[in-house]
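First comes the structure, then the notes that go with it.
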Amino acid sequence: MPDTRQKCMSTVLFRVRNLPAVLYKALGGFATNKVNLTRIESYMIEGQFENTQFLIDAAAHCQDPAFELALEELAHFATETTVLGCYPAHPHREVARRGAQSTAQRDAVSV
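At position 75 of the sequence shown the residue is numbered 82 (this note's numbering), and the sequence of numbers has no breaks.
Here's what the structure looks like:
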């Protein structure tokens, strides 16, 4: 497992309950705890919409307190949750983040 001080990504697989707006509610904990999701994929289980699982990538170490809180909130809406792994983020993610911040700052000044 990578050092907790290192920029990391974590991958989670989860199944949701069959409830209205369950994906919105399930992912709300990540927004509340300021954990950035970089990928989300959905898969139907046995071809039925009632049984859906999701794969997400989060820009966080799996032992980060904010990530752990987000998983606690996810558990209220998920029937199964598995953290598949935690791994160092590629250095290009930091370069892209800094570039996006400078573009946002430039755009805010020009408004």
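We treat Cβ as the ideally placed atom computed from N, Cα and C, and that holds for glycine. None of the values given here were measured: they were computed from a predicted structure.
Coil, strand or helix - residue i by DSSP
| i | result |
| --- | --- |
| glycine 54 | coil |
Integer-rounded CB distance, given that residue j should sit under 8 angstroms from residue i
| i | j | result |
| --- | --- | --- |
| alanine 82 | alanine 73 | Their Cβ separation, rounded to whole angstroms, is 15 angstroms, which puts alanine 82 and alanine 73 out of contact at 8 angstroms. |
| leucine 62 | leucine 20 | 5 angstroms |
| alanine 65 | valine 42 | 5 angstroms |
| phenylalanine 37 | alanine 77 | 5 angstroms |
| alanine 85 | arginine 22 | 6 angstroms |
(message) So within the region 19-99, which uninterrupted alpha helix (DSSP H) runs reach at least 4 residues, ignoring any that extend past its ends?
(response) Taking 4 residues as the minimum length, the alpha helix (DSSP H) runs contained wholly in the region 19-99 are 29-39, 72-82, in order along the chain.
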